[in-house]
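Enquirer: Quick note, the sequence shown lines up with residues 1 to 345 if you use full-length UniProt numbering.
The beta carbon of each residue, even a glycine, is placed where N, CA and C say it ideally should be.
Sharing a structure here in structure tokens format.
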Amino acid sequence: MKALTYQGPGEKSWSDIPKPVIDKPTDAIVRILHTTICGTDLHILKGDVPEVTRGTVLGHEGVGVVEAVGPAIRNFKPGDHVLISCITSCGSCANCRRQMYSHCADGGWILGHTIDGTQAEYVRIPHADNSLYPVPAGADEEALVMLSDILPTGFEIGVLAGKVKPGDSVVIVGAGPVGMAALLTAQFYSPAQLIMVDGDTNRLEVAQRFGATHVIDINTQNAVERIFEITHGVGVDVAIEAVGIPASFDTCQSVIAPGGSIANVGVHGKSVELHLEKLWIQNVTISTGLVNTNTTPMLMKTVASGKIDAGKLITHRFALSEILQAYEVFGNAAKEKAMKVILSQ
């Protein structure tokens with residue numbers, strides 16, 4: 001089969017590799033219908049995630065059709081259309097029992113990380129009963145790909161961890177796909193101000209259409225000064241970091257109000273300077289985390305009901321065989337006006 005494999009920092013290959021087979025009784029083999037590229041994949045290609053070894057198939061998002069199941073699988077059968085979660089969970093270890101699936105003793109984020117992922121014609125899904133979700137009849141399967149990772153990530157690690165409440169002032173630093181997912185799901189809680197910070201004019205325009213009350217272009221404005229202007233010198237109740245670089249985290253530290261929450265969502269490849277000498281006295285909470293996907297069933301209902309139009313995050317579509325071109329587009333998002341790309345076969 002064809003697959004996109006990591007070949008070391010800055011190197012990737014669309015090539016033939018063996019088709020996956022059932023390895024354990026709890027496995028399923030899924031034929032990919034739709035997948036996508038994540039900002040985390042770009043971090044991997046930059047060498048920010050050293051656990052990824054040469055030859056690993058990238059990707060951890062997708063919708064597909066079950067082709068084969070192990071003898072222990074009870075919830076799925078060949079022919080079922082399924083959403084693939086970016087998090088693999090056994091469902092029975094101590095961490096899974098408290099819904100911290102990201103730290104499953106035999107799973108977590110392993111697809112496209114420590115085992116082969118979804119940017120391929122077929123993928124093996126361990127613990128399939130707990131790591132796949134049935135696709136509702138008539139659902140927009142392209143839109144559901146947004147539920148593999150970015151919507152639960154923005155919601156759980158940004159909105160919920162940041163404790164967004166009605167009337168809050170919220171800043172999201174980073175208008176990429178996860179930042180947009182946080183923007184969409186923060187509106188569940190009716191914050192008074194939703195401020196989006198980025199240097200991409202197109203993405204800021206999109207953020208306004210998606211519900212941002214204010215946008216700040218870091219190329220023409222001082223973000224910290226502007227945020228204090230908007231909040232009348234108080235700062236924000238919630239600051240969501242959705243980039244993964246020191247400068248964006250520093251912006252969050254600089255604008256948080258006393259009693260506020262900084263929710264770090266971005267994938268950091270370098271250390272950041274933590275100004276604890278300023279934050280300790282302000283009763284500020286800092287949270288970090290990897291998505292657990294325990295909110296995926298709820299988010300599927302909101303997407304199915306039309307409460308969230310996840311499909312509007314998709315800006316480009318490619319055949320799976322055009323994945324190298326798709327990486328070029330996604331990696332040059334500002335020039336190409338790209339948000340999420342969909343790869344289909």
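1. Between the Cα of Cys90 and the Cα atoms of Lys77, Leu83 and Gly108, which residue gives the shortest distance?
2. Could you check whether the stretch 121-129 touches the stretch 230-239, counting it as contact only if at least three pairs of C-beta atoms, one from each stretch, sit closer than 8 Å?
3. According to DSSP, is Gly47 helix, strand or coil?
4. In whole angstroms, what is the alpha-carbon distance linking Val303 and Met146?
5. Where Val291 and Thr153 are concerned, what is the direct C-alpha to C-alpha distance, given to the nearest angstrom?
6. In the DSSP assignment, find the alpha helix (DSSP H) that holds Val178 and state where it starts and stops.
7. Rounded to the nearest angstrom, what separates Val164 and Arg209 at their Cα positions?
8. Taking only three categories from DSSP, how would you classify Thr153?
9. Hey, how far is the Cα of Asn283 from the Cα of Gln7?
10. Verify whether the separation of the beta carbon atoms of Ala161 and Gly266 is less than 9 Å.
11. Taking all protein chains shown into account, decide if Tyr29 is buried (16 or more other Cβ within 10 angstroms of its Cβ) or exposed.
12. Report the three-state DSSP secondary structure of residue 390 (helix, strand or coil).
13. By the three-class DSSP mapping on this structure, what secondary structure does Trp109 have?
14. Which residue wins for smallest C-alpha separation from Leu216, given the options Ile230, Asp198, Thr231 and Val82?
15. I need the straight-line Cα distance from Thr114 to Asp200, nearest angstrom please.
16. With Met300 as the anchor, note down where its alpha helix (DSSP H) starts and where it stops.
17. Candidates Asp116, Val224, Tyr133 and Ala120: which alpha carbon is nearest Ser85's?
18. Between which residues of its own chain and Lys337 is the CB-CB distance below 6 Å, once the five residues before and five after are set aside?
19. What separation, rounded to the nearest whole angstrom, lies between the Cα atoms of Gly211 and Gln187?
Expert: According to the data block:
1. Locating residue 90 in the sequence shown gives position 90, where the first residue counts as 1. If we check each option's Cα against that of Cys90, Gly108 comes out closest.
2. no
3. Within the sequence shown, residue 47 is the residue found at index 47, counting from 1. Of the three classes helix, strand and coil, the one that applies to Gly47 here is coil, per DSSP.
4. As a position in the sequence shown, residue 303 is number 303, starting the count at 1. As a position in the sequence shown, residue 146 is number 146, starting the count at 1. C-alpha of Val303 to C-alpha of Met146: approximately 10 Å in a straight line.
5. Taking the first residue of the sequence shown as position 1, residue 291 is located at position 291. Taking the first residue of the sequence shown as position 1, residue 153 is located at position 153. One C-alpha to the other measures close to 5 Å.
6. Here the question's residue 178 lines up with position 178 in the sequence shown. It spans Pro177 to Ala186 - the alpha helix (DSSP H) in which Val178 sits, taken as one unbroken run.
7. Residue numbering aside, residue 164 sits at position 164 when the sequence shown is read from its first letter. Residue numbering aside, residue 209 sits at position 209 when the sequence shown is read from its first letter. Their backbone Cα atoms lie some 20 Å apart in a straight line.
8. Numbered from its first residue, the sequence shown carries residue 153 at position 153. In this structure, Thr153 counts as helix in the three-state DSSP scheme.
9. As a position in the sequence shown, residue 283 is number 283, starting the count at 1. As a position in the sequence shown, residue 7 is number 7, starting the count at 1. Answer to the nearest angstrom: the Cα atoms are 45 Å apart.
10. For the purposes of this step, residue 161 is taken as the residue at position 161 of the sequence shown. For the purposes of this step, residue 266 is taken as the residue at position 266 of the sequence shown. Their beta carbons are not under 9 Å apart, which means Ala161 does not touch Gly266 by this criterion.
11. Stepping through the sequence shown from its first residue, residue 29 is reached at position 29. Here the sequence assigns Ile to residue 29, which means Tyr is not the residue at that position. Buried, because 16 or more other Cβ atoms sit within 10 Å of the Cβ of Ile29.
12. With the chain running from 1 to 345 in the structure shown, residue 390 is simply not present.
13. As a first step, residue 109 is located in the sequence shown; it is residue number 109 there, counting from the start. Three-state result, Trp109: coil.
14. In the sequence shown, residue 216 corresponds to position 216, counting from 1. Looking at the sequence provided, one finds Ile at residue 216 rather than Leu. Looking at the Cα atoms, Asp198 is the closest of the given residues.
15. For this step, residue 114 is matched to residue 114 along the sequence shown. For this step, residue 200 is matched to residue 200 along the sequence shown. The alpha-carbon separation between Thr114 and Asp200 amounts to approximately 32 Å.
16. As a first step, residue 300 is located in the sequence shown; it is residue number 300 there, counting from the start. First-last of the alpha helix (DSSP H) with Met300: Thr296 to Ser305.
17. Here residue 85 is taken as the residue at index 85 of the sequence shown, counted from 1. For the residues Asp116, Val224, Tyr133 and Ala120, the minimum Cα distance to Ser85 belongs to Tyr133.
18. Mapped onto the sequence shown, residue 337 falls at position 337. Closer than 6 Å at Cβ, skipping near neighbours: Asn202.
19. As a first step, residue 211 is located in the sequence shown; it is residue number 211 there, counting from the start. As a first step, residue 187 is located in the sequence shown; it is residue number 187 there, counting from the start. Cα to Cα, the separation comes out at about 8 Å.
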